[in-house]
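Student: I have a structure here, written as structure tokens, and I will follow up with some questions on it.
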Amino acid sequence: MNRRDFHKLSLGAAAAAMLPSTKAFAEPANTVAANGGHKFSVMLWTMDRSLSFEDRLQRVAEAGYTGAEVGNEYEKWTPAEWKTALAAKEKYGITIDSAVPGRNALSDHSKRDALTADIKKAIPGAKQLGCNQFIYTAYTRVPDQTPEQRRDAIVDTLKYAADLCAKDDIEIVLEPIDLLEYKMEAVPSVADAFEITRLVGSPKVKVLYDFYHEQKQAGNLIEKLTKNIDQVGLVHIADVPGRHEPGTGEVFYTNIYKELARLKYDRYICMEFTPSAGKEWVPTLRKAREEAIAAMKQA
Amino acid sequence: MNRREPMWADNFAPPAPSWRFSSMLWNLNRKIPIEQRLDALAAAGYTGAELVDEWRSWKPEEMRNIVAKRHALGIDFDLIFPAKVNLTDTAQRDLLRAQVKEAIPVAQELGTSHFSFNSGPHIAGATREQEWTAISDGLKIAADALGDAKITILLEPIDVLENAKLAINSAFDGFALVRALNDPRIKVLYDLYHEQRGTGNVIDTLRKNIDLTATVHIADVPGRHHPGTGEMNYANIYRELARLNYSGYICMEFYPLSDTTTELKAAREEALAAARTA
Numbered sequence: 334m335n336r337r338d339f340h341k342l343s344l345g346a347a348a349a350a351m352l353p354s355t356k357a358f359a360e361p362a363n364t365v366a367a368n369g370g371h372k373f374s375v376m377l378w379t380m381d382r383s384l385s386f387e388d389r390l391q392r393v394a395e396a397g398y399t400g401a402e403v404g405n406e407y408e409k410w411t412p413a414e415w416k417t418a419l420a421a422k423e424k425y426g427i428t429i430d431s432a433v434p435g436r437n438a439l440s441d442h443s444k445r446d447a448l449t450a451d452i453k454k455a456i457p458g459a460k461q462l463g464c465n466q467f468i469y470t471a472y473t474r475v476p477d478q479t480p481e482q483r484r485d486a487i488v489d490t491l492k493y494a495a496d497l498c499a500k501d502d503i504e505i506v507l508e509p510i511d512l513l514e515y516k517m518e519a520v521p522s523v524a525d526a527f528e529i530t531r532l533v534g535s536p537k538v539k540v541l542y543d544f545y546h547e548q549k550q551a552g553n554l555i556e557k558l559t560k561n562i563d564q565v566g567l568v569h570i571a572d573v574p575g576r577h578e579p580g581t582g583e584v585f586y587t588n589i590y591k592e593l594a595r596l597k598y599d600r601y602i603c604m605e606f607t608p609s610a611g612k613e614w615v616p617t618l619r620k621a622r623e624e625a626i627a628a629m630k631q632a
Numbered sequence: 013m014n015r016r017e018p019m020w021a022d023n024f025a026p027p028a029p030s031w032r033f034s035s036m037l038w039n040l041n042r043k044i045p046i047e048q049r050l051d052a053l054a055a056a057g058y059t060g061a062e063l064v065d066e067w068r069s070w071k072p073e074e075m076r077n078i079v080a081k082r083h084a085l086g087i088d089f090d091l092i093f094p095a096k097v098n099l100t101d102t103a104q105r106d107l108l109r110a111q112v113k114e115a116i117p118v119a120q121e122l123g124t125s126h127f128s129f130n131s132g133p134h135i136a137g138a139t140r141e142q143e144w145t146a147i148s149d150g151l152k153i154a155a156d157a158l159g160d161a162k163i164t165i166l167l168e169p170i171d172v173l174e175n176a177k178l179a180i181n182s183a184f185d186g187f188a189l190v191r192a193l194n195d196p197r198i199k200v201l202y203d204l205y206h207e208q209r210g211t212g213n214v215i216d217t218l219r220k221n222i223d224l225t226a227t228v229h230i231a232d233v234p235g236r237h238h239p240g241t242g243e244m245n246y247a248n249i250y251r252e253l254a255r256l257n258y259s260g261y262i263c264m265e266f267y268p269l270s271d272t273t274t275e276l277k278a279a280r281e282e283a284l285a286a287a288r289t290a
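Sequence lines, in order, name chains A and B. For any residue, its number in our numbering is found by taking its place in the first sequence, counting from 1, and adding 333. For any residue, its number in our numbering is found by taking its place in the second sequence, counting from 1, and adding 12.
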């Protein structure tokens, strides 16, 4: 970000705050149109935990993003916190595009009551936030299950979970986690996840393709993206090693963004990294977004 | 900084590493003779060329011409695959010894410093431990057959998408196997293309195993074309190699999309430019 943009933004924000209008930014706004038609979001846990929800949304907006992703922290908000949070969401023009209801072993049918409870607890707040997507990892493997038994059990659980979410029009994305991060993970690669969601066969159950986890676990990122774009519900971005911004590691995101554009991917592109320079969220997120837009323009 | 470090470290950027550049020949235009492919390499600033087993079919006259050419151009065939027999084929150890020994005089003609092997196919009915033992024994037999020849034995892992039959499918495993051997004559050919295609996490594996990395092979994924065409950030991989003081060959093994010399030259220059910013 250059200094002129920064001042334009902060002056715009300051001026808008004094006006009765609820829209924070005059120009350039954090809108999908200003982002070349692409939807960019930020996973909020990547920001400092000492920052309030409102502080984080402010930074997300200042960096030009239109989306943010949460865990299930909203389930514990007081009425006063809800009021502040919803006002901030409105003020900064942020969509909450995804949430994480909980961690449940999807291949373990004996854990279904806990899964049911987690989803039911997560839905009302998600609706309040306007969020219509839940992220699920398959979590811990059940000992002694064969790979086929594991796959079929997860397919069954996802069908069940999708039914629970159906009347509220919430979709589920299955997120693989690499075995270096969690060695008991039941779905460590998108190759497994794509097979599972194809077997589920529901437009409401897709895959969260986290390029960071996939690169740590398996590589061959673009070929799997190209072959399975119809099953991709969300992408997460960070470089390997280190989980910092694109350009710090071994993944050449320019060509991944170009492929996403070529495949006409129109869902959220969510940044899930910690800045290599420490707490420099706004400039780092801004640069990551601008690089993505520039790459997608070349496609 | 302490006093023993050179003075320039204070005042100047470090020089580019003295990397030697090489290219496999099979992936370049096979319709043109070896000599012409060597011309393309020399024109691109390369001093190395690598062979699988093309050399086996060369007639004495061809061998003489190619050796004359390599001397004229200042190119070493730094790596060849010496044997057709598989490391996992425990019934063929005498043949393995014989093939390695037969390849030594060829290596001396060609300027070869590395003999490379893939792991060989799975052994029917064998456990992973039994397979690793067979591969380890095979590598040691090959090293013993070298006598006093100044050649390093390399294991090259190939990704599972290219060949699911092979017993070792990742550099991650290849390094573990070779590390357990603890034999300075035996190292790993780290093919970054294969590792990206089958396993990922390529820099972490490099950092943990730089001491066993004798040669690297370079191509992007997908497509096996020059760096920059795919999903790998080779600039950062070269920086990491420079930071780790890697001093082996950088061997290109990609299919050119346009003029061979132009692409090889660009790939070499990009590697050196990245290393200067390590």
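Glycine included, each C-beta is placed from N, C-alpha and C at the ideal position.
Going along the chain, which residues of its own chain have a beta-carbon closer than 8 Å to the beta-carbon of A:A499, five neighbours each way excluded?
Tutor: Only K537 meet the Cβ criterion.
Student: Using DSSP's beta-bridge definition, name the partner residues of A:V506.
Tutor: Answer is A:I468, A:K539, bridged to A:V506.
Student: DSSP on B:I135, reduced to helix/strand/coil?
Tutor: It is coil, neither helix nor strand.
Student: Going by other Cβ atoms of all chains shown within 10 Å of its Cβ, with 16 needed for buried, is B:L107 buried or exposed?
Tutor: By the neighbour-count rule (16 or more Cβ atoms within 10 Å), B:L107 is not buried but exposed.
Student: Identify the residues that DSSP records as bridge partners of A:D477: which are they?
Tutor: Bridge partners of A:D477: none, in fact.
Student: Could you give the distance in angstroms between the alpha-carbon of A:T355 and the alpha-carbon of A:P457?
Tutor: Note on A:T355: pLDDT 47, under 50, position unreliable in the model; no value is reported.
Student: Residues in its own chain within less than 6 Å of A:D338 by CB, not counting five upstream and five downstream?
Tutor: Only weak support is given to the placement of A:D338: the predicted model assigns it a pLDDT of 43, under 50, and the question is left unresolved by the model.
Student: Less than 8 Å between CB atoms is the rule here; does B:D216 satisfy it with respect to chain A?
Tutor: Yes, contact with chain A.
Student: Helix, strand or coil: which one does DSSP assign to A:L596?
Tutor: In this structure, A:L596 counts as coil in the three-state DSSP scheme.
Student: Under a Cβ-count criterion, where at least 16 other Cβ atoms within 10 Å of its own Cβ denotes burial, should B:Q120 be classed as buried or exposed?
Tutor: Classification for B:Q120: exposed.
Student: At which residue ranges does the stretch 33-61 of chain B contain complete beta strand (DSSP E) runs of 3 or more residues, listed in the order of the chain?
Tutor: Counting whole runs of 3 or more residues, the stretch 33-61 of chain B contains no beta strand (DSSP E) stretch at all.
Student: Are B:S125 and B:T164 close, meaning C-beta to C-beta below 8 Å?
Tutor: Cβ distance < 8 Å, so B:S125 and B:T164 count as in contact.
Student: So, helix, strand or coil for B:M244, using DSSP?
Tutor: Strand.
Student: Hey, how far is the Cα of B:A56 from the Cα of B:R236?
Tutor: Those two C-alpha atoms are separated by around 19 Å.
Student: For the stretch 560-586 of chain A, which residues have a beta carbon sitting closer than 7 Å to at least one beta carbon of chain B?
Tutor: Going along the stretch 560-586 of chain A in chain order, one finds V573, P574, G582, E583, V584, F585 with a Cβ nearer than 7 Å to chain B.
Student: Report the rounded CA-to-CA distance for B:H229 versus B:T211, giving the unit in angstroms.
Tutor: Computed Cα separation, rounded: 15 Å.
Student: Mind checking B:T289: buried by the 16 CB within 10 Å criterion, or exposed?
Tutor: Result: exposed.
Student: With 8 Å as the threshold, decide whether the Cβ of A:N437 is near any Cβ in chain B.
Tutor: A:N437 does not count as touching chain B.
Student: Classify A:A421 as helix, strand or coil using the three-state DSSP reduction.
Tutor: Residue state, collapsed to three classes: helix.
Student: Would the beta-carbon of A:A418 fall within 8 Å of that of A:A459?
Tutor: Contact: no.
Student: Taking CB distances under 8 Å as the criterion, tell me whether B:N41 reaches chain A.
Tutor: It does not; no Cβ of chain A falls within 8 Å.
Student: Is A:L513 near A:A471, with beta carbons less than 8 Å apart?
Tutor: Not closer than 8 Å, so no.
Student: By how many angstroms is the C-alpha of A:Y601 removed from the C-alpha of B:A278?
Tutor: Between B:A278 and A:Y601, the C-alpha separation is close to 36 Å.
Student: Counting only beta-carbon atoms, is A:K424 nearer than 8 Å to chain B?
Tutor: No, its Cβ sits nowhere closer than 8 Å to a Cβ of chain B.
Student: Using three-state DSSP, classify A:S440 as helix, strand or coil.
Tutor: Note: A:S440 maps to coil in three-state DSSP.
Student: Name the chain A residues whose beta carbon is nearer than 8 Å to that of B:T211?
Tutor: Within 8 Å Cβ-Cβ: A551, G552.
Student: Assuming A:A634 contacts A:R483 (C-beta within less than 8 Å), just tell me the rounded distance between them.
Tutor: The structure shown does not extend to residue 634 of chain A, since chain A is modelled only from 334 to 632, so the question has no answer here.
Student: So, helix, strand or coil for A:F358, using DSSP?
Tutor: With a pLDDT of 49 at A:F358, under the threshold of 50, the modelled position of that residue is not reliable, and no figure is offered here.
Student: What does the Cβ neighbour count give for B:L276, buried or exposed, with the cut at 16 atoms within 10 Å?
Tutor: B:L276 should be labelled buried.
Student: Only counting runs of 4 or more residues, tell me where the alpha helix (DSSP H) segments fall wholly within the stretch 154-215 of chain B, in order along the chain.
Tutor: Counting whole runs of 4 or more residues, the stretch 154-215 of chain B contains the alpha helix (DSSP H) stretches 183-193, 204-210.
Student: Helix, strand or coil, according to DSSP, for A:G463 in the structure here?
Tutor: In this structure, A:G463 counts as coil in the three-state DSSP scheme.
Student: For A:K612, collect the residues of the same chain with a Cβ closer than 7 Å to its Cβ; drop the 5 residues on either side in sequence, then sort them by chain order.
Tutor: Around A:K612: D381.
Student: Do you know offhand how far B:D271's Cα is from A:Y515's?
Tutor: Taking the straight line joining both Cα atoms gives about 46 Å.
Student: For B:E141, which residues of its own chain have a beta-carbon under 6 Å away from its beta-carbon, when the five flanking residues on both sides are left out?
Tutor: Correct list: empty, nothing qualifies.
Student: Assuming A:K401 contacts A:L377 under a Cβ cut-off of 8 Å, what Cβ separation, rounded to an integer in Å, is found between them?
Tutor: Checking the sequence, you will find Ala at residue 401 of chain A rather than Lys. Going by Cβ atoms, the distance from A:A401 to A:L377 rounds to 5 Å, so yes, they are a contact pair.
Student: Name the residues in the stretch 52-73 of chain B whose C-beta lies less than 7 Å from a C-beta of chain A; which are they?
Tutor: From the stretch 52-73 of chain B, no residue has a Cβ closer than 7 Å to chain A.
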